[in-house]
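This report concerns only the one structure given below.
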Amino acid sequence: MSRSKSWLVAGGVSAVALLAAVNARAAPVHAATMTQFQSKSVCVDPHPVHVDFAHLVVGFSQSESNANPFRAAETKSVKDAAASLHVKRLIYTNAHSNEARQVADVENMINQGAQALVIAPLNATGLQPAFAQAAAKHIPIITLDRHTAGTMCTDYLSFMGSNFYVKQGEISGRELAKATHGHAIVAEIQGAYGNSVEAARTKGFAEALKQYPGMKIVAEQTGNWFTTDGEKVMSQILLAHPNVNAVYTQSDTMAFGAITALRDAGKKPGQVKIVTIDGTKQGVQDIVDGWIYADDETNPRFGPLAWHEIGNWFDGKKVPQHVVLKDHLYTKANAASALKANVPF
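The sequence shown lines up with residues -26 to -1, 1 to 319 when you count with mature numbering (1 follows the signal peptide of the UniProt record, and there is no 0).
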């Protein structure tokens, strides 16, 4: 493939029709059915060259272990879409929550001949050395799920993920207020510090609670996105604040740990209202079982739309710099039917 630049875009939700459209280079997919928002700011390849996927080598850098259900679903979506399109080679790495390792992973993929890169960043900063090496070789980068420092169309082409601020932090706050009628002693279990998702979910939740003066946050601790940490933190919070009756966790993984701690403390389902974020099958099942009040999905199904946008870029079409995916909000009203329809990941 001879070209001055080639870029990779990722995002979206899964659909058989979308994969068919990508395969056939068909008419543009109706993005409104898959996304909540697409920016008017775009990147366009100034020297487009049509490239068959069968001739494309792409590197995909995952930041966290696939033991995390979101990461597992994200990885599967990208891999499945690549396989469906018979991509020549997809180089996959997993940094297992190690920033230095992720930088090394990306540099190794470049050395292995990656013509384009998709990266799920671990933190909001730290990838600059990898970006610089890719830019020196005119290798495009797309970031998924977490914002990271850089310049659009220079360091990377586009960011795609969920609306972590309004769609998640604020809605979670409103749902917890609904569950407690606006009066609660609240514990907040936050994600790992230093990445954009934790910061946005924290700010959005705080903004929502400004509308409910009867809701008081008495504890804010990080659970680092891990179930074991979530359990440990919840146990500590209960010792210091045994009257906590509402919990906001920034991921399902931490909610699972919090539920274990609550159960060990003798709490019954629904006695302490929990609102969380991710929308995993287990999280939605916990709604049915009464432990979780609401679970706001973070859509991990990037694969099909990713390859659709790859085709658009190679063909010289506009690619949005920022895409917000459509997510589900799971509650008691729809949890059972969603599970029956196999909607949660």
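Just so you know, even glycine gets a beta-carbon here, dropped at the ideal spot from N, CA and C. Remember, predicted model here, so these are calculated numbers, not experimental data.
Close CB contacts of residue 188 within its chain, under the 6 Å cut and outside five residues either way in sequence, are with 156 and 157 (chain order). Residue 305 and residue 268 have their C-alpha atoms roughly 5 Å apart. Within the stretch 157 to 188, the runs of alpha helix (DSSP H) at least 4 residues long that lie entirely inside it are, in chain order, 170 to 183. Under the DSSP assignment, residue 228 falls in the alpha helix (DSSP H) whose first and last residues are 226 to 238.
Across the structure, residue 210 and residue 223 are spaced so that their CA atoms are roughly 15 Å apart. Using a 10 angstroms sphere on the CB of residue 167, the tally of other CB atoms stays under 16, which defines it as exposed.
The stretch 81 to 101 makes contact with the stretch 27 to 41; the number of CB pairs closer than 8 Å reaches 3 or more. For residue 63, the secondary structure class from DSSP, reduced to helix, strand or coil, is strand. A contact between stretches requires three or more CB pairs, one per stretch, nearer than 8 Å, and the stretch 264 to 283 fails this requirement with the stretch 104 to 115. For residue 318, the three-state secondary structure derived from DSSP is coil. Contact check for residue 204 and residue 232: beta-carbon distance about 5 Å, within the 8 Å limit, so the pair qualifies. Judged by DSSP secondary structure, residue 207 falls within the alpha helix (DSSP H) whose first and last residues are 201 to 214. Straight-line spacing of the CA atoms in residue 148 and residue 183 works out to 7 Å.
The residue from 154, 138 and 101 with its alpha-carbon nearest to that of residue 130 is 101.
Here residue 130 is bridged, per DSSP, to 126. Contact between residue 145 and residue 228 does not hold, since the beta-carbon distance rounds to 18 Å and is not under 8 Å. In the structure shown, the three-state DSSP call for residue 285 is helix. Looking from the CA of residue 198, the closest CA among 207, 190, 191 and 192 belongs to 207. The continuous beta strand (DSSP E) containing residue 251 extends over residues 247 to 252. For residue 47 against residue 319, the beta-carbon gap comes to about 4 Å, under 8 Å, which counts as contact. Two segments are said to touch when three or more pairs of C-beta atoms, one from each, lie closer than 8 Å; by this definition the stretch 45 to 64 touches the stretch 279 to 288. In the structure shown, the three-state DSSP call for residue 12 is strand. Each residue's CA atom was taken as its position, placing residue 307 and residue 261 some 10 Å apart. Residue 149: member of the alpha helix (DSSP H) spanning 145 to 154, first to last residue.
The beta-bridge partner set that DSSP reports for residue 93 consists of 35 and 117. Around the beta carbon of residue 96, 16 or more other beta carbons lie within 10 angstroms, which makes this residue buried. The continuous beta strand (DSSP E) containing residue 268 extends over residues 268 to 271. In this structure residue 143 is in contact with residue 178, their Cβ atoms being roughly 2 Å apart against a cut-off of 8 Å. If you check the CB distance, residue 16 and residue 293 come in under 8 Å.
Shortest Cα-Cα distance from residue 38 to any of 85, 127, 118 and 235 involves 118. Remark: C-beta atoms of residue 257 and residue 250 approach each other more closely than 8 Å. 239 is the residue among 69, 137 and 239 whose C-alpha sits nearest the C-alpha of residue 216.
Cα atoms of residue 317 and residue 253: separation of roughly 9 Å, rounded to the nearest angstrom. Around the beta-carbon of residue 18, fewer than 16 other beta-carbon atoms lie within 10 Å, marking it exposed.
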